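In the numbering used here, the protein residues as written are 158 to 285. Here's the structure we're looking at; comments come further down.
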């Protein structure tokens, strides 16, 4: 009888909590570093051909059009003063941060303003 109770409790535990996933753990879709921050968006920082690009996706991983979105990128380095640049639309789903040259260990912070006026932020360490 005790064994049956343990088996039933184990099965209920697996079914109740088996679908729990870590919120905010998103894979890199462009080979870059996925930032941490607001849950409403996913921001990926990617170095491509010497240019730091920023891809913005919604929580489900669908690209957000850059048309009505604005943003800034702040590069924070332990050895240099912080550098802030305005993000420029580089394609329908990608921003570029012109003139930014991050080094290993620099912290990157993207602040995105959505068409609704909502401002969101994501932070990552440069590792590429």
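Just so you know, even glycine gets a beta-carbon here, dropped at the ideal spot from N, CA and C. Since the model is a prediction, treat every value here as computed from it, not as a measurement.
Under a three-way DSSP split, which group does residue 282 fall into? Sequence index remark: in the chain shown, residue 282 carries index 125 (1-based). It is a strand residue.
Distance, residue 284 Cα to residue 262 Cα: Reading the chain shown from its first residue, position 105 is the one you call residue 262. Reading the chain shown from its first residue, position 127 is the one you call residue 284. Answer to the nearest angstrom: the Cα atoms are 6 Å apart.
Taking C-alpha atoms, which residue in 225, 280, 264 and 214 lies nearest to residue 245? By one-based count along the chain shown, residue 245 stands at place 88. Looking at the Cα atoms, 225 is the closest of the given residues.
Limits of the unbroken beta strand (DSSP E) element including residue 206: On the chain shown, residue 206 is found 49 positions in, with the first residue counted as 1. Neither: residue 206 is in no beta strand (DSSP E) and is coded neither H nor E.
With a 10 Å radius around its C-beta and 16 neighbouring C-beta atoms as the bar for buried, classify residue 201 as buried or exposed. Locating residue 201 in the chain shown gives position 44, counting from the first residue. Buried, by the Cβ-count rule.
Should residue 223 go down as buried or exposed, given a rule of 16 or more other Cβ atoms within 10 Å for buried? Walking along the chain shown from the start, residue 223 turns up at place 66. Counting Cβ neighbours within 10 Å, residue 223 comes out buried, since at least 16 surround it.
Considering only the alpha carbon of each residue, which of 188, 211 and 207 lies closest to residue 278? Residue 278 sits at position 121 when you count from the first residue of the chain shown. For the residues 188, 211 and 207, the minimum Cα distance to residue 278 belongs to 211.
For the beta strand (DSSP E) that residue 270 lies in, which residues bound it at each end? Residue mapping note: residue 270 aligns to position 113 of the chain shown, counting from 1. Start and end: 264 to 270.
Same chain, Cβ closer than 8 Å to residue 186, neighbours up to 5 away in sequence not counted: Reading the chain shown from its first residue, position 29 is the one you call residue 186. These residues qualify, in order along the chain: 201, 212, 214 and 218.
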